[in-house]
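Numbering (the numbering used here), first residue to last: 4 to 88.
Note that beta-carbon positions come from the ideal geometry of N, C-alpha and C, so glycine has one too.
If you're wondering where the values come from, they're calculated on a predicted model, not measured in any experiment.
Beneath this line is the structure, given in structure tokens, with notes to follow.
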Ligand SMILES: [Zn+2]
């Protein structure tokens with residue numbers, strides 16, 4: 004294996020962008036801070052999309068069916084879920 008591949012597998016350089024991480028070689032592949040925060044941002048973005056999809060589905064369901072249970076809803080059931088921006 005090449006030195007670059009070894010450095011990457013050891014976590015000495017970032018597995019995503021090949022840049023130097025922090026001088027440590029923990030012995031497993033890892034990302035530098037920049038790539039890690041990009042990855043976390045994309046996880047957060049995906050989580051937000053899923054949460055909003057659920058909220059929109061819930062809100063549409065409640066709106067469509069509200070005449071069925073108007074005035075007869077347990078107080079711990081939300082009338083609508085917040086959409087995150
Ligand atoms: Zn990186």
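- [ ] Apply the 10 Å Cβ neighbour rule to residue 16 and answer buried if 16 or more other Cβ atoms are within range, or exposed otherwise.
- [x] Within the chain shown, numbered from 1, the residue matching residue 16 stands at position 13. Around the CB of residue 16, 16 or more other CB atoms lie within 10 Å, so the residue is classed as buried.
Open item on the list: Could you tell me the alpha carbon to alpha carbon distance between residue 6 and residue 63, rounded to whole angstroms?
Closed with: Working through the chain shown from its first residue, we reach residue 6 at position 3. Working through the chain shown from its first residue, we reach residue 63 at position 60. Rounded to whole angstroms, residue 6 to residue 63 spans 56 Å at the Cα level.
Task: Whole-angstrom distance between residue 27 and residue 43, CA atom to CA atom - done: Mapped onto the chain shown, residue 43 falls at position 40. Mapped onto the chain shown, residue 27 falls at position 24. Straight across, the Cα-Cα distance linking residue 43 with residue 27 is about 22 Å.
Open item on the list: Looking at ligand 1, does it come within less than 7 Å of residue 40, judged from the CB to the closest heavy atom?
Closed with: Looking up residue 40 in the chain shown gives position 37. The nearest non-hydrogen atom of ligand 1 is 7 Å or more from the C-beta of residue 40.
- [ ] Please confirm whether any heavy atom of ligand 1 lies closer than 7 Å to the CB of residue 37.
- [x] For the purposes of this step, residue 37 is taken as residue 34 along the chain shown, with counting starting at 1. Yes, ligand 1 has a heavy atom inside 7 Å of this Cβ.
Open item on the list: Does residue 76 pass the burial test, meaning 16 or more other C-beta atoms within 10 Å, or should it be called exposed?
Closed with: Taking the first residue of the chain shown as position 1, residue 76 is located at position 73. So residue 76 ends up on the exposed side.
TODO: Under 8 Å by Cβ, that's how I've got residue 35 and residue 22 pegged, so tell me the actual separation to the nearest angstrom.
DONE: By one-based count along the chain shown, residue 35 stands at place 32. By one-based count along the chain shown, residue 22 stands at place 19. Sure, about 5 Å apart at Cβ, within 8 Å.
Open item on the list: Beta-carbon within less than 6 Å of residue 10's beta-carbon, same chain only, minus the 5 sequence neighbours each way: which residues are those?
Closed with: Position 7 of the chain shown, counting from 1, holds the residue named residue 10. Around residue 10, the same chain offers 16 as residues with beta carbons nearer than 6 Å, after the five sequence neighbours per side are excluded.
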